[in-house]
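First up is the structure itself, then whatever we jot down about it.
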Amino acid sequence: MTEDPTGNIEDKVKRLEQLEQDFRNNSRQPYFHYNRVRREFVMLCDELKESGYEISQDIQDRYKLLKYGPLYKDR
99 MTEDPTGNIE DKVKRLEQLE QDFRNNSRQP YFHYNRVRRE FVMLCDELKE
149 SGYEISQDIQ DRYKLLKYGP LYKDR
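Counting in the numbering used here, the sequence shown runs from 99 upward without gaps.
Below, the structure written as structure tokens:
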């Protein structure tokens, strides 16, 4: 499976920013699928970290909260 490294990363970053906005704006709405969005968010962050992309601090904080729970410690 060959992927275009630059285009794929840009798409993932855009999707990650969209998910961050969803969490910020819609997380308390009844139609918000928290677990599905959480899984996708964590997966995208992991993939971007593996590729060496530098993730913003806001997204890193959200990532730690979603991956490790509200009582996470820096791991």
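Just so you know, even glycine gets a beta-carbon here, dropped at the ideal spot from N, CA and C. It should be emphasised that the depicted structure is a prediction, and the values quoted were computed from it without experimental measurement.
In whole angstroms, give me the CA-to-CA distance for residue i and residue j.
i           : j           : result
residue 153 : residue 120 : 17 Å
residue 117 : residue 136 : 9 Å
residue 114 : residue 131 : 16 Å
residue 129 : residue 138 : 17 Å
residue 155 : residue 112 : 16 Å
residue 133 : residue 148 : 22 Å
Let me make sure I understand the geometry here. Which of the options has the alpha-carbon closest to that of residue i?
i           : options            : result
residue 158 : 125, 127, 134, 143 : 143
residue 140 : 108, 161, 125, 106 : 161
What do you reckon, are the CB atoms on residue i and residue j nearer than 7 Å?
i           : j           : result
residue 224 : residue 110 : As shown, the chain starts at 99 and ends at 173. That puts residue 224 outside it, with no answer to give.
residue 151 : residue 107 : yes
I'd like the ranges of any beta strand (DSSP E) spanning at least 3 consecutive residues and lying wholly in the region 111 to 163. Counting only unbroken stretches of 3 or more residues, no beta strand (DSSP E) element lies wholly within the region 111 to 163.
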